[in-house]
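A short write-up of the structure that comes next.
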Amino acid sequence: MIKLLKTTAVLLLITLLLISAYNHTMSSTVVIVCSSLIFFLFVLSDFFLAQRSWGLKGLQLYMSIMFFIIAIFEMHHVVSSLCILSIIALPRVIDEIA
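If you count by the numbering used here, then the sequence shown holds residues 1118 to 1215, one letter each, in order.
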């Protein structure tokens, strides 16, 4: 179930990137709302469905939210891309800690 939700979130992210690349008239509000939905689908699926201690789940949620806030406020392609990659890689790092 977690893999299905994460795969759906990543596919929605790729779709959003392709749409925003070809449609330069999208407002920042639409991009932020769509990104927030994708973020919550990806992060909260891991938070509620993963078999980890609540401390590690909280740490992952906190770090993901911080990366997301940085990506939204910065709105620079390189920084946003690094934050997205960090959010995607974060569950693996948390699994290594556990």
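No residue lacks a Cβ here, since even glycine has one placed at the ideal position from N, Cα and C. Since we're looking at a predicted model, the values are computed, not measured.
- In this structure, the CA atom of N1140 is about 14 Å from the CA atom of I1131.
- Within the same chain, and ignoring the five residues on either side of I1136 in sequence, the residues whose Cβ sits closer than 8 Å to its Cβ are M1143.
- Assignment of T1124 by DSSP, reduced to helix, strand and coil, places it in the helix class.
- Only buried fits Q1177, as 16 or more other CB atoms lie within 10 angstroms of its CB.
- Straight across, the Cα-Cα distance linking L1166 with L1202 is about 21 Å.
- Boundaries cannot be given for S1170, as no alpha helix (DSSP H) includes it and DSSP labels it neither H nor E.
- Listed in chain order, the alpha helix (DSSP H) elements of length 4 or more contained wholly in the segment 1124-1167 are 1145-1166.
- The Cβ neighbour count for F1184, taken over all protein chains shown within 10 Å, is at least 16; the residue is labelled buried.
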